[in-house]
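In my numbering, the protein residues as written are 8 to 192.
For each residue, glycine too, the CB sits at the ideal point set by N, CA and C.
I have placed the structure first, in the form of structure tokens, so that the comments after it can refer back to it.
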């Protein structure tokens, strides 16, 4: 039948509210756990009333305890800022790939900046998996969509929690060229 609609390769929706609630539960639990274990490593004599002589008694575990407490406190503060920014979550991420087009709908959310698009597959030049190898640091990996006709490229973000490698693989299977590049700096 000529007018038969083909099913999409994928059609995924992910709620912003659910993703934010998940983050607002998990991160504070981890931060509280870090602070708790850090406090267990710090000796009772540690505090503002310490004398100069007591500083020499500190060992590796005491310093690690202070580091864990500071890390936990930092993450709690960071999560409080995130909670303030995400007071009114709404919408959903919507990713749909058909035989003709790709929809990458991005809602307003507090996770970070992200750009959405809706394009015909013929307008997409390629999907690029870019690896920037850094000397004595971890590599930076990202996925990019490059378009025909001078439209600016868009970096794909994984704030939705859906695997970008899986999505890129499916887009590549639909006929869009997939390219892996490596750069060293």
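Quick one: residues in its chain with C-beta nearer than 7 angstroms to the C-beta of residue i, no 5 flanking neighbours on either side, listed in chain order?
| i | result |
| --- | --- |
| residue 115 | 98 |
| residue 88 | none |
| residue 120 | none |
| residue 71 | 48 |
| residue 122 | 113, 161 |
| residue 8 | A caution first: residue 8 carries a pLDDT of 48, below 50, which makes its placement in the model too unreliable to give a value. |
| residue 189 | 138, 140 |
| residue 192 | 139, 141 |
| residue 34 | 82, 86 |
| residue 174 | 102 |
| residue 18 | 103 |
| residue 118 | 166 |
| residue 44 | 75 |
Would you give the residue range spanned by the alpha helix (DSSP H) that residue i belongs to?
| i | result |
| --- | --- |
| residue 102 | Premise fails: residue 102 lies in the beta strand (DSSP E), 99 to 104, not in any alpha helix (DSSP H). |
| residue 178 | 171 to 180 |
State yes or no: is the C-beta of residue i nearer than 7 angstroms to some heavy atom of the ligand GDP?
| i | result |
| --- | --- |
| residue 148 | As for the ligand GDP, it is missing from this structure, which has no ligand bound. |
Beta carbon of residue i, beta carbon of residue j: below 8 angstroms?
| i | j | result |
| --- | --- | --- |
| residue 169 | residue 124 | no |
| residue 177 | residue 16 | yes |
| residue 37 | residue 82 | yes |
| residue 65 | residue 41 | no |
| residue 27 | residue 93 | yes |
| residue 136 | residue 187 | yes |
| residue 184 | residue 133 | yes |
| residue 157 | residue 130 | no |
So residue i is in the beta strand (DSSP E); what residue range does that whole segment cover?
| i | result |
| --- | --- |
| residue 19 | 17 to 22 |
| residue 92 | No beta strand (DSSP E) holds residue 92; the alpha helix (DSSP H) holding it covers 67 to 92. |
| residue 185 | 185 to 191 |
Am I right that residue i and residue j are in contact with their C-beta atoms under 8 angstroms? What's the rounded C-beta distance?
| i | j | result |
| --- | --- | --- |
| residue 171 | residue 150 | 5 angstroms |
| residue 79 | residue 39 | 7 angstroms |
If I measure Cβ to Cβ from residue i and keep anything under 6 angstroms in the same chain, skipping five residues before and after, which residues do I get?
| i | result |
| --- | --- |
| residue 100 | 21, 167 |
| residue 147 | 139 |
| residue 109 | 126 |
Return the chain-ordered list of same chain residues with a C-beta closer than 8 angstroms to the C-beta of residue i, the five sequence neighbours on each side being excluded.
| i | result |
| --- | --- |
| residue 69 | 48, 49, 50, 53 |
Which runs of the beta strand (DSSP E) fall wholly inside the stretch 96 to 162 and span at least 3 residues, in chain order? Listed in chain order, they are 99 to 104, 108 to 112, 124 to 127, 131 to 140, 147 to 154.
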